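Residue numbers (the working numbering): 8 to 169.
All C-beta atoms, glycine included, are put in the ideal place defined by N, C-alpha and C.
Here the structure is a predicted model, which is why all the values come from computation and not from measurement.
Below: the structure, in structure tokens.
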């Protein structure tokens, strides 16, 4: 028996409503349950009951020290179907002032952003498995993402891995 996929993630946030607004307005999530200090959201193309739970713990809490002075989660990553979708999210994240980086990992094209509490997440497009060559696997690396060049190479509407 094996794990199929991540069903959902739960984040502690300062203000559940503020965070829910960000995930709805910027990433297109939909609210499925709103209990005031706990909000459950579903990603646009998901069939999960919910993909993200936001639990409010108050405005006076410190930022997470994970990765600086403690172990902890680095980021969550959500995938999109096409590079056109990724370009749309790049625009949305940039307009929201949330985009903090963009990387080409050869088989994955990734945007990195932070939510209102500074929690990092990734939005990525994965090269279709039947297009991944041994040469690509042998040269996995991280370099700056040139999204227009990737769209020229792969096309805007090629569906990547789920």
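Residue 15 has its alpha-carbon roughly 9 Å from the corresponding atom of residue 49.
Where residue 120 is concerned, the enclosing beta strand (DSSP E) starts and stops at 115 to 121. Residue 21 is positioned such that its CB atom lies closer than 8 Å to that of residue 64.
Judged by beta-carbon spacing, residue 92 lies beyond the 8 Å limit of residue 105, meaning their Cβ atoms are not closer than that value. Judged by DSSP in its simplified three-state form, residue 151 adopts strand.
Residue 19 carries a strand assignment under DSSP once its states are collapsed to helix, strand and coil. The C-beta distance from residue 110 to residue 151 rounds to 7 Å, short enough to fall under 8 Å.
Partner residues in the beta bridge of residue 131, as assigned by DSSP, are 86, 117. Cβ-Cβ separation between residue 33 and residue 88: approximately 18 Å, too far for a contact (criterion under 8 Å). Using a 10 angstroms sphere on the CB of residue 96, the tally of other CB atoms reaches 16 or more, which defines it as buried.
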